[in-house]
Structures are given as structure tokens and as C-alpha cells.
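Asker: A single structure is presented below for examination.
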Amino acid sequence: RYTILQRVGLSLREVRATINSQLLMLFYLPLLVAGIHVGFALPFIQRIMILFGLPNWQFFLTVSLITLGIFAIIYVLMYKLTGNVYYRIVSRRQATSRS
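In this note's numbering, the protein residues as written are 9 to 107.
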């Protein structure tokens, strides 16, 4: 697929941008859905915490945001790593198909 893109004139930089744009949705869509889920769940969790006599809502919110931030950092690292590995695989295949 990427060999065809290069044959029609795409540079290596444009191929890399295509790979990154495809991986972007694959990696960030689950993170976005998790963030939306947490956003909707927090009011219900707050009510449950109040029922159990745990009124420290700010602490729970802080911990939740820190946890989401840690997951986001892990996702960014995995996105970068996967993009680089995938680009190397595509580059190798293109080099072997030319020879």
C-alpha cells in the first residue's frame, strides 16, 4: 500500500504522516472514550462516596485526573513507539521490493 503511495509521488515524510494519522485514531479513540466515561461516571461516584460517608471529593477527582494523565502518557509513548516500528517495517518492505 505504501509502496504504491511512493510510486505515485509521495515522499517518505508524507508516508510517515499517513502512518501517523492512521495510528492516531487507533490509539487516541480509546483514550477519548475512557475520558468521556470518567466524565459521566464522576457525578455518580460522588453520590456513592457521600452515601458511604467519604466526603473528600476533591481528593478523588485529583486521583482520577492523575490516573487518566498517566494512561495518556503511556498511550503517547506506545503511539510513538508503534509509529516508528511500523515505519521501519514499511521502509524495509519498500527497500526489498525495489531490489
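Think of the CB as a built atom: it goes at the ideal place given N, C-alpha and C, for glycine as much as any other residue.
Cβ-heavy atom distance between Leu40 and the ligand ATP below 8 Å?
Answerer: Absence of the ligand ATP is noted for the structure shown, with no ligands found whatsoever.
Asker: What residue ranges within the stretch 19 to 72 form continuous alpha helix (DSSP H) runs of no fewer than 4 residues, ordered along the chain?
Answerer: 20 to 59
Asker: Can you grab the Cα-Cα spacing for the pair Leu69 / Met57, in whole Å?
Answerer: 12 Å
Asker: For Gly17, which of helix, strand or coil comes out of DSSP?
Answerer: coil
Asker: Exposed or buried, Val93, counting other C-beta atoms within 10 Å across all chains shown (16 or more means buried)?
Answerer: exposed
Asker: Three Cβ pairs or more, each shorter than 8 Å: is that satisfied between the stretch 44 to 52 and the stretch 63 to 79?
Answerer: Judged by pairs of C-beta atoms under 8 Å, the stretch 44 to 52 touches the stretch 63 to 79, as three or more such pairs exist.
Asker: From this set, Arg55, Arg96, Val41, which residue's C-alpha is nearest Ala80's C-alpha?
Answerer: Val41
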